[in-house]
Each structure stands twice: as structure tokens, then as C-alpha cells.
Amino acid sequence: MRGRDQILQLLLLYVFLSVLLTLATTSYGVNVTYDHRALLIDGKRRVLVSGSIHYPRSTVEMWADLIQKSKDGGLDVIETYVFWNAHEPVQNQYNFEGRYDLVKFIKLVGEAGLYAHLRIGPYVCAEWNYGGFPLWLHFVPGIKFRTDNEPFKAEMQRFTAKIVDMMKQEKLYASQGGPIILSQIENEYGNIDSSYGPAAKSYIKWAASMAVSLDTGVPWVMCQQADAPDPIINTCNGFYCDQFTPNSKNKPKMWTENWSGWFLSFGGAVPYRPVEDLAFAVARFYQLGGTFQNYYMYHGGTNFGRSTGGPFISTSYDYDAPLDEYGLIRQPKWGHLKDLHKSIKLCEEALVATDPVTSSLGQNLEATVYKTGTGLCSAFLANFGTSDKTVNFNGNSYNLPGWSVSILPDCKNVALNTAKINSMTVIPSFVHQSLNGVADSADTLGSSWSWIYEPVGISKKAFVRPGLLEQINTTADKSDYLWYSLSTVIKDNEPFVEDGSKTVLHVESLGHALHAFVNGKLAGSGTGNVGNAKVAVEIPVTLLPGKNTIDLLSLTAGLQNYGAFFELEGAGITGPVKLEGLKNGTTVDLSSLQWTYQIGLKGEELGLSSGNSQWVTQPALPTKQPLIWYKTSFNAPAGNDPIAIDFSGMGKGEAWVNGQSIGRYWPTKVSPTSGCSNCNYRGSYSSSKCLKNCAKPSQTL
């Protein structure tokens, strides 16, 4: 009996120690819930300021600095999408390395003492190629995207569950002691759900139920989804969300995307958003009951590789964000917003203690007061007109510039007015160093250039099909390029050659750009634009008696990422392709003939982007010619400052450094000559209101 008693005591001790150990490993987890006013973290309402940083749009070496600068700027939360096509480029083959190391990024957020909002989607829009969907998804039998479709739902659930499981395994949810306090399912579906009919409602109900069933221990949100089912929080996206109301009295007022600027397109002027307007929008949101606001973007970064959507989205995703494309602080935007965040935080205790009471102070003038029975009092005085006003509040007089909010943490003294900036304007500039010349020259960085010609037309594995093929279904986006090649015989007595006059080659394409070669020589080119991707060209050509070759090179510049059924939007030369005689009206339609196709370029197959193969080095560098690969080498400048390459003087192409694609360049895409003028921050902002860089290349660096 004594032995059994000892065993029993040991077992009890083991159980007791096990319980203690379990408690110790879970005691750091926090409980994240919500009520009608705010998110609650361990039962305490919080006023939170968030900012978007997309991990693939900056280098791993930048992440910690970006996160720290965000914290220094007054942020509590870092928000990011999860990019399905980056993580699963081939079905069931995953990539979470380098810039795609999502776990590392979230851990860095946590190590900085910040929270994270993980927007899984997995549709993300984001001006990202194909909206974040992998191209292989398009070829799943019977699939229809973003609707009540079983093949789509199965793939969406599989990927969403994989990401959630990864986060759980690393204990990254707040319920496990990690930084993730929110997750998002779907994305802005309410903007386009009417196009999907009744199936949209059943799809959204399914998506909500599926997300909740994954048991993350933190709330889920849906942005721009007025019918988001409980317990999903519906949130607002836009330039202003102060008038937004959630779909339940039990849900807090949250703003998942406050657009800090706008994206740049090749061929467009550079958009910017004055910080006075951005600060006004933020203050109005917190004034009228909001408690969670996110800047989209806080750091925009760079669309490396072929990740841009659009089409025609630029490689730069700077977004006029508080931290610029290179991770440098943009002043006065960063500093003014930091001051704004401090002022709002001074009001947090009052904001979370009660509901707002708003009263009119006159036309376009409002006062909102948060006052408790214990003497707490904070107030916001708003002038949402465009002219300056003086108002009386609580027996005191306050000057309110047009389109501004004054924040009074004690209902008396102004901590900040959104239109009054204390931060200095700072414009970083690059020091230019040439890549021309000799490697050891004192005033240059680079060696001499070498090059390889890309063959015109078919030069590697090809296939023949009758008629003209749509490009995306043909290439599966493995390359920007698709060759359409045709040989045709012209007889001596045909009207195209008998009188020596030139013929017109007529080509129509769904986009996004094309080059036409006749008998191996460039005959003409055409390009679409951000408003209309389609291309139609009429190119005068000279045909010879006998065999003639027509080689058409079609180019894509980022796949569509937004809109109902966006995945069905095509690209490439779908015709007609015709030869038109100039004098007698003779036309020959070539569209239905046997065309030979080649996916991608010979140089891509040879791996020229990694510097492989035999390059030509001669004193005379070929310029102003199509289809050339160029290569040089340079010593990186000392220090850790950002480095950019200036592509002024180039046409359109893609660039690699040490084998890694830094994106497309297109400095010949020039912005309109008009539309850029002095921008008054007063009055509602739109993406076309404030533009700069007119009549110049949209992007050169």
C-alpha cells in the first residue's frame, strides 16, 4: 500500500506540474473580442492606429526598420495581405522564403511590440497581379472565381486553412500569445457582388462560416461587405469613412483602408494626397465614433518582378505613403501624422469610456464630446467647409481653418489642428553615378556593357494552331511575351505588290502592347493604356513577291486585379489581323490561318537574367533597336542607403540585379501634359485631384 501511495503521490505531483506547465505556456495569450465601441484586448477597449506594409514589396533587410519607423510614428498595428500566387505559384508547391517569409515578418511585428492584422483574403486586389490568385487556379476544371462554386471554395478553404495553420503552429495569434489580433476573409466583395446574383449571398455566408470554423481565437472582418454575417465585423475602405456605420449595433466602427495616396500607372501622372486632408479624414473618423483606422499604405514599397496588376500598374508602389518606396520618412506627412496620433491617444480614455455626442456649431461646423460622469472629457471641433471659421465652444473661442479638425483632449486646450503642420518638408534626393565607362574609373560605378540579340520570331519550342489564340490561356502568365508567327506567299500578280505601293498591316489586340515584324524587321508597335488596354494598329509595310514572314510579339504588363469576373479578361492578339491594299481596297484576312506560337523569349529559356550565356562586348553598343538583352556589373556604393537604377533612355523591359527581378521599366510611357496644378487640400479628395510630374516619364527610377 505504501508503494501505491508513493506512486499516487508522484502521479498527482506530475499532474500538478503538467497543469502548471500548461498554464505557464498559455498565460501570455490575450483575449481579443469586440463590442459596439471598439476591439477589446483582455476586456479593455482600445483605440488603435494601424498601417499597411506588404512584406513582398520590400526586402527582408528593410522589414525591421520599416516596422520600427511605423512604431515611432505612433502605430499600434501593422496590417498586411497574404499573397496566394506568391506562396503557391504551382499548385501544392509552396514558397515562404525570402520576401515571402510571412512568419518572419509577423514575428518581427510582434518583437517590436506591435499587433498585426492578417488579411488572408485570399483575393487581395492590391494592384497585384491577378488580384493575388495563382494562374493555375484559372485552369481548375469547372471553376468560377468568388462565387458559390464548389471547386473555387475548395481551393480557397485549403489555402486559407494552410495560412491559419501556419500561424497557429508558430503561436502567432493573440490567443496564443502572438501579435495577430485580427484576420480578414474575402476583400471588397460588396463592391461587385450584385454581378453574381443570389450566389453572392450564399458564397459570403459560406466564407464567413468557413473562416470562423478555423478557430483563430481572434475576430474576423470583411471590408466593404454590408451584409457580413455575425460575428464577422464589416469594415470601411475609402478616402473618408467618418459617415460609415457597421451593420450591427454590437460591432465597432472600423476603417481597414484609409488611402494615404494612390497608385501610379505607366503613362499616368504621379498622384499624391496632402497630409492636411489625410489628417482631417483620420480625425473626423475618430471624432464620430471610430476606434480602429488603418493607413493603406503606410509603406507602399516596390512591385518587384512581374507582380504588378492593373494592367499598366507601375513598378513603384510608393502610394505617397508616410514611409516612401525606399523606406525613408516622408516629411511632413510622417511627422504630422505622428503628432495627430499622439493627440488622439490623449483622448483614448474618454473615447473608450462612452459614446460620442455631436452638436452643430453652425453651417459645416460640428462639436463632438466624449464626457463621462467621472469628469473625463475630450472634444473634437470640426470645420468641414472650405473657408476659415471662428467658433465658440464651452465659453471659449476657437479658430478653425477650412477642412480641419481641432482635438481638445481636455475639452478646453487644443492639442492639434489637422491643418496646422509643425513638421518640416524634407525631400530626399539620389546622388547620380554613371554605369557607363570603365569599371575602375573614379567617377563611375560600372564596367562596360555587353549584350545579346533576342531572335525575331520562332527560336525555340513552338506549336501550331489554326486561328489566333488568347494570350493568358496560352501562356498561363509564365512570361510577358507570346510570339504569333505566320509565313505567307505573295504572288507577283497580287495587288499587294504589283504596283509597288505599300500595304497596310491591320492588327487588333486585347492588350497590352505589341510589336510587328515583317521579314525580320520592326514595322511598327502599339500599346494600350490604363483606361483601355486594347491595341489597334495600322502599319504600312512593304511585301515582297514570294515568301513573307509576319512575326507579332504580344506583351502583357500586369494582369487585371479588380472587378467582377476579372479573371475572364483576356490579353493578346485575338484579331482580326488583315492585309489591306492601299489602292484598290483589296483585303486579306489572315486571322484564321495556321499560326505558329512561341511562349516567352529565347533569352528567358537560356537564363540570361542570371548573366549566363555568351555575351558580346564591343566598343559600339547597339541602341535604338528592339529585342536586345544588356548586361553590366558595378560595385555597390558603401553604406546602407537606398540604391535605385535610372532607366531614362531605355524603352520597355524588365531588369534583374544578381538574378533577381527588380521589375518592369517603361520610361517611354509619359504622363499627360495637363492635369498637374497646385492642389488645395480643402474639399473632398479623389485620386485625380492632386497630380504631379506631368509631361514626364511616369517612372524612371
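For the sequence shown, the positions run 1 to 701 when the UniProt record's numbering is used. Positions of the beta carbon are idealized from the N, C-alpha and C atoms, including for glycine. Quick caveat, the model's predicted, so the values are computed rather than measured.
In whole angstroms, give me the CA-to-CA distance for residue i and residue j.
i    : j    : result
N258 : N294 : 6 Å
I67  : A462 : 48 Å
V124 : K389 : 42 Å
D410 : L510 : 60 Å
S265 : P274 : 19 Å
T639 : V577 : The displayed chain sequence assigns Gly, not Thr, to residue 639. Approximately 54 Å, taken between the alpha carbons.
G528 : Q363 : 47 Å
P246 : I329 : 34 Å
G309 : N612 : 29 Å
T668 : M650 : 7 Å
K602 : V670 : 29 Å
V270 : G395 : 45 Å
V352 : L337 : 21 Å
L108 : L102 : 10 Å
V414 : N383 : 14 Å
E454 : L627 : 5 Å
K652 : K624 : 12 Å
F304 : W84  : 16 Å
R306 : A126 : 14 Å
D227 : T256 : 16 Å
Please state whether the Cβ-Cβ distance between residue i and residue j is less than 9 Å.
i    : j    : result
Y319 : G300 : yes
T216 : I180 : yes
E508 : A571 : no
E580 : H506 : yes
S50  : I78  : yes
H341 : G74  : yes
Y317 : F239 : no
L172 : W220 : no
A367 : L361 : yes
V541 : V504 : yes
A188 : A207 : Residue identity check: residue 188 is Glu in the sequence provided, not Ala. Not closer than 9 Å, so no.
V30  : S175 : yes
L590 : L486 : yes
A513 : L555 : yes
T418 : A321 : no
S404 : F285 : no
C236 : V47  : no
Can you tell me which residues form a DSSP beta bridge with residue i?
i    : result
W656 : S661
L606 : None; L606 has no bridge partner.
A536 : E508
H515 : S525 and L553
T368 : T358 and F380
M297 : The partner list for M297 (beta bridge, DSSP) is empty, contrary to what the question assumes.
N417 : S406
M222 : N234
Less than 9 Å between CB atoms is the rule here; does residue i satisfy it with respect to chain B?
i    : result
S406 : Here chain B cannot be found, since the structure has a single protein chain.
By the 10 Å Cβ neighbour count, where 16 or more other Cβ atoms means buried, how is residue i classified, buried or exposed?
i    : result
E538 : exposed
S213 : exposed
N658 : exposed
D42  : exposed
I550 : buried
Q699 : buried
H54  : buried
L87  : Note on residue identity: the sequence assigns His, not Leu, to residue 87. Buried, since its Cβ has 16 or more Cβ neighbours within 10 Å.
P56  : buried
P697 : buried
L21  : Residue confidence is low: L21 scores 35 on pLDDT, short of 50, so the model does not pin down where it sits. Its coordinate-derived value is still stated next. Under this definition L21 is an exposed residue.
R465 : exposed
A695 : exposed
M62  : buried
Y203 : buried
G520 : exposed
T291 : buried
H36  : exposed
E155 : buried
K253 : buried
R99  : buried
M424 : exposed
Y28  : exposed
T617 : exposed
L118 : buried
| field | Runs of alpha helix (DSSP H) lying entirely within the region 227-293, each at least 4 residues, in chain order | value | If we require 4 residues or more, the alpha helix (DSSP H) runs fully inside the region 227-293 come out as 275-287.
| Unbroken beta strand (DSSP E) runs of length 3 or more, entirely within the region 124-171: which are they? | With a minimum length of 3 residues, no continuous beta strand (DSSP E) run stays inside the region 124-171.
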